[in-house]
Each structure stands twice: as C-alpha cells, then as structure tokens.
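Peer 1: This is the structure, below, for whatever I ask next.
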Amino acid sequence: MRHSLKLKVQARFTKKSAAIRLQRWLLQILPGVSLTAGLAFLAILMRSHLGLNFFSSLTWAILLGMLVRNTVGVAQVYQPGITFSLKRILKLGIILLGMQLSLTQAISIGSTGLFVAVTSVVSTFFFTCWIGRRLKVSKKLTQLIAGGTSICGAAAVVAVGTAIDSSEEDTAYAVALVTVFGAASMLIYPLLPALLDLTPQAYGLWCGASIHEVVQAIAAAFETNPLSGEVATIAKLSRVMLLAPITLLLGLSSVDRATEKPRKLPIPWFVLGFIGLILVNSLNFIPETLRIAIVDVNQFFLTTALAAMGLGTNIQCMKRLGIKPIYLGTISWLFISLISLGLIKFFY
164 MRHSLKLKVQ ARFTKKSAAI RLQRWLLQIL PGVSLTAGLA FLAILMRSHL
214 GLNFFSSLTW AILLGMLVRN TVGVAQVYQP GITFSLKRIL KLGIILLGMQ
264 LSLTQAISIG STGLFVAVTS VVSTFFFTCW IGRRLKVSKK LTQLIAGGTS
314 ICGAAAVVAV GTAIDSSEED TAYAVALVTV FGAASMLIYP LLPALLDLTP
364 QAYGLWCGAS IHEVVQAIAA AFETNPLSGE VATIAKLSRV MLLAPITLLL
414 GLSSVDRATE KPRKLPIPWF VLGFIGLILV NSLNFIPETL RIAIVDVNQF
464 FLTTALAAMG LGTNIQCMKR LGIKPIYLGT ISWLFISLIS LGLIKFFY
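If you're matching positions, the sequence shown starts at 164 in my numbering and goes up one per residue.
Written out as structure tokens, the structure is:
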C-alpha cells in the first residue's frame, strides 16, 4: 500500500516537474518567436497589401531580419526563440513543402537533374577546399565555407562544425558568409532567367543546384514561376541528402587519433519527412481544401524561418578573421553558380 502511494506521489511530482520545464521553455522561446513571427507578418503584409510585390515575402523577411540585426541589434532574450525558428520551424516548413509535390512532379527532375545537383555539390566542395589552401585560409574555416556553399548553407556549416570541432568564431563567420552570399543569389537570380534564356524547369534546377540555403533557393525560384519553385525544392533537397555522407567523411578524417573519441553526427531527418509527405500527397486522399490550408500556413512558417535567418546575420563579424575568407566565399559562390549553370546549359 505504501509502495503504491509512493509511486503515485512520484508520478505526480514527475508530471509537475515536466509541466514546469515546459512552461520555462515556452517562456524562453516566446520573445524570439514573437519577433520572428512579427517580422514574417510584416514581410507578408509588405508584399500582399503595400504593393511591394517585386520580392517574395521570404525575401522581405530575411532583409527585415538583417536590417534589425545590423542596426538596432538583437538582445540575448530573443536568441532562444530565434534559434527555435531557424532550426525547428525551418525544418517543419521544409517537411510540409512535401504537400506541394507529388511523385509525378518529383520524376520531372530526372536523372540529368540529379546529376547536375550532385556534380555541383562535389565539385564545389573540393574546389573550395583547394582554393582555401591556396589562399592560406585555415583548414577548418575552409571546410565550413565549402560545406555551407556546396550543400545547404548555415545548416551545413553547423553540421560540418560539429564533425570537425570548429571554433565558435569560425562557425559564426562561415554562417554569416554563406547567408550573405545566399541572400545575394536570392536577390540576383530572379532577374536572370530571361537574360540567360532559361526555361522554368532549367531555372528552378539552377536555383536548387547552386543557392546556399534551402529556403533561399525556394524563394528565388518561386519568385518567377511555381514550376521553378517545385523543381528547385527537389533539386535543393537532393543536395541536402549529401550532408550526411560529407559530414561523416569530414568527421572521420578529423577524428582525434590520440583518444579515438567518436562524435555524434547530425542527420538531415527532415528530408525523410519531406519525402514522406510527397508520398502521402501522391496518394491523393487528403482533401484539397485541407492541403491548400497546409500550404498557406507553411508559407508563414518559411517566412518566419527566413526572418530568423536574417536576425542571425551579422555582417560586421566578417571583419574578425580578415578579408581572405571573404575572397574564398566569393570564389566558391561564383564557382557553384557557374558550374551548375554550365551543366544546365549543356544538358538543357
């Protein structure tokens, strides 16, 4: 009897402790999530009601975030919510993008499209590492920039940084670098399809195969054509799939031989969710009204994540490690843009 009573008391105490922890966590992320969501709402309002429709709400969100970060600054109290928006809400948004796609659409990228995406990643990664050695940029910072440029921006930088045990300063520098160049691509690319004589599919593949961040690629592609956005999503996620093997390779090559200490490597689980929802959507059993509602809500999620990305971009931090990493990032950015474009023009 006493044992049973003791177990009940312990269960109640555990539930109460869990509730308290949940409450504290919610209070921690609330300021930052409110800020990112507020900027997302403003970005959507600017595009839909203020006539500023020459950029997507995603583009406006990252610009607003960067403006806030590099003018008035962001207090520490907002950081947990900004991190939550950038990591969790972004990945949820990517997963829910699967509701916009089906297997029929996925097949449209074809083996050629996959070849373009994979070749762009591998060639850019090794080319960047080679140029980094020539410029005498530190090995770890070079690998961070190579991973961020070739795979998926800030997420790849963090993953690579975990594998090679990079310093916070190097990681922050690389994140800022790839975010700025990715944002530049997001702004410049939509101006080029007609000039370069790219079809909607070819332009979407170019965005997906070369722009740094997932959402940046999607934003640049959807800016011009829905088909371009869908192709870019699939091409970009094909690049993200390479995060696991490249991170694993870097982790193994940088293991501490003295201790042989294993490292926990991040896995892009959200790609599996994205693929899963494509399969679900391909079955056509979800009511169209519900599917459209999910797509609309997801647009807000992605815009919120872009606002968080802008809030995390500190342009001034690039000065800390000198000018050479900026040269490296610029060369790497131009290389992946040109190599992917060259392949697309050759095959398409």
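Glycine included, every Cβ here is placed at the ideal spot set by N, Cα and C.
Hey, quick one: how far does the alpha helix (DSSP H) through Asp360 stretch, first residue to last?
Peer 2: Stepping through the sequence shown from its first residue, residue 360 is reached at position 197. Unbroken run through Asp360: none, as it is neither H nor E.
Peer 1: Taking only runs of the beta strand (DSSP E) that begin and end inside the region 278-354, which ones reach a length of at least 3 residues, in chain order?
Peer 2: none
Peer 1: Report back the beta-carbon spacing between Leu307 and Val323 to the nearest angstrom; my notes put them in contact at under 8 Å.
Peer 2: Walking along the sequence shown from the start, residue 307 turns up at place 144. Walking along the sequence shown from the start, residue 323 turns up at place 160. The Cβ separation is near 6 Å, so the contact holds.
Peer 1: Give me the Cβ distance between Phe464 and Leu255, rounded to the nearest whole Å; I'm assuming they're in contact under 8 Å.
Peer 2: Within the sequence shown, residue 464 is the residue found at index 301, counting from 1. Within the sequence shown, residue 255 is the residue found at index 92, counting from 1. Phe464 to Leu255, Cβ: 6 Å. Contact.
Peer 1: On the DSSP letters alone, give me the boundaries of the alpha helix (DSSP H) that Asn388 sits inside.
Peer 2: Numbered from 1 along the sequence shown, position 225 holds the residue referred to as residue 388. Where Asn388 is concerned, there is no enclosing alpha helix (DSSP H), because DSSP gives it neither an H nor an E.
Peer 1: If I follow the unbroken alpha helix (DSSP H) through Arg454, where does it start and stop?
Peer 2: Numbered from 1 along the sequence shown, position 291 holds the residue referred to as residue 454. The continuous alpha helix (DSSP H) containing Arg454 extends over residues 451-474.
Peer 1: Roughly how many angstroms separate the alpha carbons of Val338 and His375, rounded to a whole number?
Peer 2: Translated into positions along the sequence shown, residue 338 becomes position 175. Translated into positions along the sequence shown, residue 375 becomes position 212. About 11 Å.
Peer 1: Please return the same chain residues whose Cβ sits closer than 7 Å to the Cβ of Phe498, not counting the five positions on each side in sequence.
Peer 2: Residue numbering aside, residue 498 sits at position 335 when the sequence shown is read from its first letter. Within the same chain, Phe498 has close Cβ partners Thr287, Phe290.
Peer 1: Could you give the distance in angstroms between the alpha-carbon of Leu406 and the alpha-carbon of Thr312?
Peer 2: For the purposes of this step, residue 406 is identified with residue 243 of the sequence shown, where counting begins at 1. For the purposes of this step, residue 312 is identified with residue 149 of the sequence shown, where counting begins at 1. Spanning the two alpha carbons is a distance of roughly 12 Å.
Peer 1: Thinking C-beta only, is Ile441 closer than 7 Å to Gly261?
Peer 2: To locate residue 261, count along the sequence shown from 1; it is residue 98. To locate residue 441, count along the sequence shown from 1; it is residue 278. Yes, these two residues count as a Cβ contact at 7 Å.
Peer 1: For Phe509 and Gln379, what's the separation of their Cα atoms in angstroms?
Peer 2: Looking up residue 509 in the sequence shown gives position 346. Looking up residue 379 in the sequence shown gives position 216. The straight-line gap from Cα to Cα measures roughly 25 Å.
Peer 1: Under 8 Å, with one C-beta from each stretch per pair, do the region 341-354 and the region 436-453 reach the 3-pair mark?
Peer 2: no
Peer 1: Taking Cβ positions, are Ala200 and Ser220 nearer each other than 7 Å?
Peer 2: By 1-based counting over the sequence shown, the position of residue 200 is 37. By 1-based counting over the sequence shown, the position of residue 220 is 57. In this structure, Ser220 does not lie closer than 7 Å to Ala200 by Cβ.
Peer 1: Identify which residue in Leu491, Ser401, Ala318, Ser301 has its Cα closest to the Cα of Val279.
Peer 2: Position 116 of the sequence shown, counted from the start, is the residue given in the question as residue 279. Nearest option by C-alpha distance: Ser401.
Peer 1: Hey, out of Ala182, Leu215, Leu190, Gln191, whose CA is closest to Glu386's CA?
Peer 2: Along the sequence shown, one-based indexing puts residue 386 at 223. Residue Leu215 is the option with its Cα nearest to Glu386.
Peer 1: Ile272 to Ala382, Cα distance in whole Å?
Peer 2: Residue 272 sits at position 109 when you count from the first residue of the sequence shown. Residue 382 sits at position 219 when you count from the first residue of the sequence shown. Each residue's Cα considered, the two are about 18 Å apart.
Peer 1: Pick from Gln263, Tyr490, Tyr336: whose alpha carbon is nearest that of Ile449?
Peer 2: The residue you call residue 449 lines up with position 286 of the sequence shown. It is Gln263.
Peer 1: Within 10 Å of its beta-carbon, does Pro425 have 16 or more other beta-carbons around it, so buried, or fewer, so exposed?
Peer 2: The residue given as residue 425 occupies position 262 in the sequence shown. Because the pLDDT at Pro425 is just 48, under 50, the model does not fix this residue reliably, and the value given afterwards should be weighed accordingly. Pro425 is exposed by the Cβ-count criterion.
Peer 1: Just verifying my parser: in three-state terms, what is the DSSP assignment at Tyr241?
Peer 2: For the purposes of this step, residue 241 is identified with residue 78 of the sequence shown, where counting begins at 1. Helix, per DSSP.
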